[in-house]
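Participant: What follows is a single structure, and I will ask about it in a moment.
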Ligand SMILES: NC(=O)c1ccc[n+]([C@@H]2O[C@H](COP(=O)([O-])OP(=O)(O)OC[C@H]3O[C@@H](n4cnc5c(N)ncnc54)[C@H](O)[C@@H]3O)[C@@H](O)[C@H]2O)c1
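In the working numbering, the protein residues as written are 101 to 510.
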């Protein structure tokens, strides 16, 4: 089913206002758009997008359109869609196959709809569209970009089996992406999602953050900033040591399972919170996930023991476990920052999506000489984004003198 909208609807107007508000906070993306506007370098390119349908994504989509690209879009997650943005984009001629709460079947169908459009370039968040394009043996794709850690990981597996069919730029690997988006963007918006859905005080809570990668670091810092008593669980000894020296408690999940008030998974792994942990949790414990896929918390176990949950507040399901214990799952175990809140703030998405836009321009210029491999974002793009962001903030930094340059080189 195609998501049809009434072009005069209030939703479209709401979406437009939200888009305009956000665009004003994504200065550097606008600068790239303005710089390339006259040449329309994406003319003739069909671009398939599978991203969270948010106000920030709308700014990227409109920039691609303004540079001549023709876009069809679906959502990277059934619950992360902002319907007013989908309505606004459709009214602007960007076919958006997405509606909040779409079923799994619809989600798959919309991915196929994007592939039917025969895109030349694919921009994905999580790897679903890239992997579907490979399964469908889609032809004519000259390249793609991937937004997140879990997506890059999946595509690297394809590359290692020599099954990758076109070059893909790992946008997540740009420093100006994961240092800021994964850390500050997910950090703030994850706590925002938990606060908006629960309405609870974070100060004094025992907050358990599973994973101390970029996302975990951001979530832990923000949870601590709100007064939470934060404990980290890790499998990587270096990250665990880092968390320890950053001043957090570190323990095994099984040992903190019975005392934690709020558990937040940030790993990209499956079954991080499993049956043995859930069995130990106390009455009233809250579970949330910030990782890309809804596999980090064993929701099937919650259902098998607790039966069908009761929605006690929007996006909070209560499972009644054996012995009368109640466990609360936020956002069905899906990305809590995008389901329970608006996702990453625009300032941080300006960095990520500037990398996306510059990577697409790079692909459009260089695809003939690129191999079917995963490429990092070229260093010049990373530096261009950082310099441009500093410029927008009116921050000046020092430059190495000639003497300093030759001292380092000597
Ligand atoms: N919600 C969002 O908006 C958003 C934004 C960016 C990234 N992500 C996703 O978040 C996830 C994490 O991304 P990242 O960039 O932090 O990755 P990362 O690789 O930097 O960090 C993941 C960390 O989890 C640890 N880990 C793995 N298994 C674990 C386990 N069983 N218990 C405890 N720790 C474990 C790893 O050792 C690693 O330190 C990915 O799925 C990524 O795609 C989500």
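For glycine and all other residues, C-beta sits at the position ideal for the given N, C-alpha and C.
(1) I'd like to know whether the C-beta of residue 321 is nearer than 7 Å to at least one C-beta of chain D.
(2) Thinking just about the alpha-carbon of each residue, which of 304, 363 and 322 is nearest to the one in residue 333?
(3) Find the nearest neighbour of residue 401 within the set 389, 388 and 373, judged by alpha-carbon distance.
(4) For residue 357, I'd like the list of residues in its chain whose CB is within less than 7 Å of its CB, leaving aside the five on either flank, ordered along the chain.
(5) Following the continuous beta strand (DSSP E) through residue 306, name the residue where it begins and the one where it ends.
(6) With hydrogens ignored, establish whether the beta-carbon of residue 225 is closer than 6 Å to any heavy atom of ligand 1.
(7) Tell whether a beta-carbon distance below 7 Å holds between residue 427 and residue 417.
(8) Please name the residue, chosen from 183, 289, 501 and 323, that lies closest to residue 304 on a Cα-to-Cα basis.
(9) At a cut of 8 Å, does the region 164-180 reach the region 259-266 through at least three beta carbon pairs?
(10) Please name the residue in 228, 255 and 268 whose C-alpha comes closest to that of residue 241.
(11) I'd like to check one pair, residue 277 with residue 519: are the Cβ atoms closer than 7 Å?
(12) Any heavy atom of ligand 1 closer than 6 Å to the CB of residue 273?
(13) Cβ atoms of residue 227 and residue 254: under 7 Å apart, would you say?
(14) Any idea if residue 291 is buried or exposed, counting beta-carbon neighbours within 10 angstroms, 16 or more meaning buried?
(15) Which runs of the beta strand (DSSP E) fall wholly inside the region 350-387 and span at least 3 residues, in chain order?
(16) Suppose contacts are defined by Cβ-Cβ distances below 7 Å. Is residue 486 in contact with residue 128 by that definition?
(17) Could you tell me whether the Cβ atoms of residue 366 and residue 412 are closer together than 7 Å?
(18) With DSSP as the reference, identify every bridge partner of residue 197, one or two as the case may be.
(19) When every heavy atom of ligand 1 is checked, does at least one fall within less than 6 Å of the C-beta of residue 336?
(20) Going straight from the alpha carbon of residue 102 to that of residue 197, what length do you get?
(21) Between which two residues does the alpha helix (DSSP H) containing residue 419 stretch?
(22) How many Å lie between residue 150 and residue 371 at the Cα?
(23) Decide if the region 139-159 is in contact with the region 437-451; the criterion is three or more beta carbon pairs, one per stretch, under 8 Å apart.
Facilitator: The answer reads as follows:
(1) You won't find chain D in this structure, because it holds only one protein chain.
(2) By 1-based counting over the chain shown, the position of residue 333 is 233. Residue 363 is the option with its Cα nearest to residue 333.
(3) By one-based count along the chain shown, residue 401 stands at place 301. Checking every option, the nearest Cα to that of residue 401 belongs to 373.
(4) By one-based count along the chain shown, residue 357 stands at place 257. The answer, listed in chain order, is 377, 380 and 381.
(5) Taking the first residue of the chain shown as position 1, residue 306 is located at position 206. From DSSP, the beta strand (DSSP E) with residue 306 extends over 306-310.
(6) Within the chain shown, residue 225 is the residue found at index 125, counting from 1. No, the Cβ of residue 225 stays beyond 6 Å of every heavy atom of ligand 1.
(7) Within the chain shown, residue 427 is the residue found at index 327, counting from 1. Within the chain shown, residue 417 is the residue found at index 317, counting from 1. No. Outside cutoff.
(8) What you label residue 304 is simply residue 204 of the chain shown in a count that begins at 1. Of 183, 289, 501 and 323, the residue nearest in Cα terms is 323.
(9) no
(10) In the chain shown, counting from the first residue as 1, residue 241 sits at position 141. Among 228, 255 and 268, the Cα nearest to that of residue 241 is on 268.
(11) Outside the displayed span of the chain (101 to 510) sits residue 519, for which this structure offers no information.
(12) By 1-based counting over the chain shown, the position of residue 273 is 173. Checking every heavy atom of ligand 1 against the Cβ of residue 273, none is found closer than 6 Å.
(13) Against the chain shown, residue 254 aligns to sequence position 154. Against the chain shown, residue 227 aligns to sequence position 127. Yes, the pair counts as a contact, with Cβ atoms nearer than the cut-off.
(14) Position 191 of the chain shown, counted from the start, is the residue given in the question as residue 291. Buried, because 16 or more other Cβ atoms sit within 10 Å of the Cβ of residue 291.
(15) 362-365
(16) For the purposes of this step, residue 486 is taken as residue 386 along the chain shown, with counting starting at 1. For the purposes of this step, residue 128 is taken as residue 28 along the chain shown, with counting starting at 1. No, these two residues do not count as a Cβ contact at 7 Å.
(17) In the chain shown, residue 366 corresponds to position 266, counting from 1. In the chain shown, residue 412 corresponds to position 312, counting from 1. Taking 7 Å as the Cβ cut-off, residue 366 and residue 412 do not qualify as a contacting pair.
(18) Your numbering for residue 197 matches position 97 in the chain shown. For residue 197, the pairing in a beta bridge is given by DSSP as 174.
(19) On the chain shown, residue 336 is found 236 positions in, with the first residue counted as 1. For ligand 1, at least one heavy atom lies less than 6 Å from the Cβ of residue 336.
(20) Taking the chain shown and counting its residues from 1, the one referred to as residue 102 is at position 2. Taking the chain shown and counting its residues from 1, the one referred to as residue 197 is at position 97. In this predicted model, residue 102 has a pLDDT of only 41, less than 50, meaning its place in the structure is not dependable; the value taken from the coordinates is given anyway. Going from the Cα of residue 102 to the Cα of residue 197 covers about 6 Å.
(21) Walking along the chain shown from the start, residue 419 turns up at place 319. From DSSP, residue 419 is part of no alpha helix (DSSP H) but of the beta strand (DSSP E) over 416-420.
(22) Within the chain shown, the letter at position 50 stands for residue 150. Within the chain shown, the letter at position 271 stands for residue 371. Rounded to whole angstroms, residue 150 to residue 371 spans 25 Å at the Cα level.
(23) yes
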